[in-house]
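Below you'll find the structure, written out as structure tokens, and then a few comments.
Residue numbers (our numbering), protein chains in the order written: chain A, 27 to 261; chain B, 27 to 261.
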């Protein structure tokens, strides 16, 4: 008889920006209380490598491949198995007896991505969907707490690694859409003129000749993010 | 028969500065190949809360209490049980059959502390000792890799949270000892004059009236770290 009392799962918080809102990639499921939403996640086996397992699980549940996930935290869920019917059902699907399981430890991974890029080759035809963070509500196993921690993590890291913010934008973007993203991510209102001035000073933001076309307001210039090695110091 | 194949452990990387070198707190053990050193660590049970377990294990193995540990990474060790006799012996001590265990997952915690402060009420009378990082050599389960990752982690965080560096110094310190610590932590040589100038500009470093006494060279001034809420902007 096999009687593991502790199981380990991996989950992935993939965050994107749809031009209006910050979104998180969630997977739909059907439980006893109706439909629920959860992070792309799965139990892992003793032969799994953690980082590889995270990549595989994201691919299997959402279709998204080739994303370099970053680990950010382990959570212990002591009472999760007893507290939730849907979790017990999910365990049975994995041939695990919930009666013999008292604890699940989950290792969280995160990454920022550009939504449009990952709609085409990604989530279509899977149970996954992009959900605005303000509308995600309660997730299975209280995972909404993990999403909030991931946002904190992105805030912290993006001040040192700005590419994490630009990974959410198309290659060519306006300062106005960059400002919108900053306002959402840091939950504050950046003054339009000051933000514009500050961003133009950054050596990782390159102005292009290209401007918006077919807009009713004054056409805005496009910009591009330049990664560290290709930067030229601005005078 | 109980046949858990996967076990979870917690380990703590506590880093300090002895005035000359960066040190890590290690625990001695006696194995088949003689004495070994390892991080304060232990397997945890299914009823443990991760953060609480880390605190408890640090206290039990080193005597150090009241330290707010920060989690930084989970590691999977697929082949660790088969590859090391000493690990198998440690498992038997925990009433775990190594023949039935193929994998150990370990969650790492870290913190910077002032060594002197934690010598008095701490590690005396335990199997723990402060070891200079340059002299730690190979640790049980290749944990030296975890120590290196923790140093990277301290480097990254301390640029945003300077108190993590000052936690390693006494309350009153000279700029010269602060420079020594920076040189060790960031593995580079800071120019004496530039470093002094730069540090005096920081609003979190407060010069004191007090100077060194009984030194053969020119007595250096003492400084104090001022945490965020108590800072007065320098003109």
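Ideal Cβ positions, reconstructed from N, Cα and C, are used throughout, including at glycine.
Just so you know, these numbers come straight off a predicted model, no measurement behind them.
query: Can you name the start and end residues of the beta strand (DSSP E) that residue 231/A belongs to?
result: Within the first chain, residue 231/A is the residue found at index 205, counting from 1. The continuous beta strand (DSSP E) containing residue 231/A extends over residues 231-237.
- request: Compute the beta-carbon to beta-carbon distance between residue 49/B and residue 84/B, rounded to the nearest angstrom, for a pair I have assumed lies under 8 Å.
  value: Counted from its first residue, the second chain places residue 49/B at position 23. Counted from its first residue, the second chain places residue 84/B at position 58. With a contact defined as Cβ atoms closer than 8 Å, residue 49/B and residue 84/B miss out at about 15 Å.
task: Please list, in chain order, all residues of the same chain as residue 62/A whose beta carbon is under 7 Å from its beta carbon, the five residues on each side excluded.
output: As a first step, residue 62/A must be located in the first chain, where it is residue number 36. Excluding positions up to five away in sequence, the list reads 55, 112 and 166.
message: Contact defined as beta carbons within less than 8 Å: I believe residue 135/A pairs with residue 95/A. What is the distance between those atoms, to the nearest angstrom?
response: Taking the first residue of the first chain as 1, we reach residue 135/A at position 109. Taking the first residue of the first chain as 1, we reach residue 95/A at position 69. Contact between residue 135/A and residue 95/A is confirmed by a C-beta separation of about 4 Å, below the 8 Å threshold.
query: Helix, strand or coil for residue 88/B per DSSP?
result: Mapped onto the second chain, residue 88/B falls at position 62. Three-state DSSP puts residue 88/B in a helix.
query: Apart from the five residues just before and just after residue 67/B, which ones in its own chain have a Cβ nearer than 6 Å to its Cβ?
result: The sequence position of residue 67/B within the second chain is 41, counting from 1. Correct list, in chain order: 35 and 37.
query: Thinking C-alpha only, which one of 59/B, 76/B, 223/B and 200/B is nearest residue 32/A?
result: As a working note, residue 32/A is residue 6 in the first chain. Taking each of 59/B, 76/B, 223/B and 200/B in turn and checking the Cα distance to residue 32/A, the smallest one comes out for 76/B.
- request: Taking all protein chains shown into account, decide if residue 226/B is buried (16 or more other Cβ within 10 angstroms of its Cβ) or exposed.
  value: For this step, residue 226/B is matched to residue 200 along the second chain. Exposed is the label assigned to residue 226/B, since fewer than 16 other Cβ atoms lie within 10 Å of its Cβ.
message: Under DSSP, the beta strand (DSSP E) around residue 110/A begins and ends at which residues?
response: In the first chain, residue 110/A corresponds to position 84, counting from 1. From DSSP, residue 110/A is part of no beta strand (DSSP E); its letter is neither H nor E.
query: What is the DSSP secondary structure of residue 132/A, counted as helix, strand or coil?
result: What you label residue 132/A is simply residue 106 of the first chain in a count that begins at 1. Residue 132/A: strand per DSSP, three-state reduction.
task: State buried or exposed for residue 110/A, treating a residue as buried only when at least 16 other CB atoms are found within 10 Å of its CB.
output: Your numbering for residue 110/A matches position 84 in the first chain. Buried: at least 16 other Cβ atoms inside 10 Å.
query: Checking contacts by CB at 8 Å: is residue 235/A closer than that to chain B?
result: The count along the first chain starts at 1 and reaches residue 235/A at position 209. Between residue 235/A and chain B, the shortest Cβ-Cβ separation is not below 8 Å.
- request: Return helix, strand or coil for residue 28/A, following the three-state DSSP convention.
  value: Here residue 28/A refers to the residue found at position 2 of the first chain. Per-residue confidence for residue 28/A stands at a pLDDT of 31, beneath the threshold of 50, marking its modelled position as unreliable; the derived number appears in the next sentence. Reduced to three states, the DSSP call for residue 28/A is coil.
message: Could you compute how far the alpha carbon of residue 137/A sits from the alpha carbon of residue 89/A?
response: Translated into the one-based positions of the first chain, residue 137/A becomes position 111. Translated into the one-based positions of the first chain, residue 89/A becomes position 63. Each residue's Cα considered, the two are about 15 Å apart.
task: Going by CA-CA distance only, name the one from 69/A, 100/A, 173/A and 132/A that's closest to residue 122/A.
output: Locating residue 122/A in the first chain gives position 96, where the first residue counts as 1. The residue with the shortest Cα to Cα distance from residue 122/A is 69/A.
- prompt: Does the Cβ-Cβ distance between residue 154/B and residue 53/B come in under 8 Å?
  reply: The count along the second chain starts at 1 and reaches residue 154/B at position 128. The count along the second chain starts at 1 and reaches residue 53/B at position 27. It is a contact, given that the beta carbons lie within the stated cut-off.
query: Taking C-alpha atoms, which residue in 193/A, 223/A and 224/A lies nearest to residue 43/A?
result: Position 17 of the first chain, counting from 1, holds the residue named residue 43/A. Minimum Cα distance to residue 43/A is reached at 193/A.
field: Short CB-CB distance (under 8 Å) between residue 254/B and chain A
entry: The residue you call residue 254/B lines up with position 228 of the second chain. Output row for residue 254/B: interface = no.
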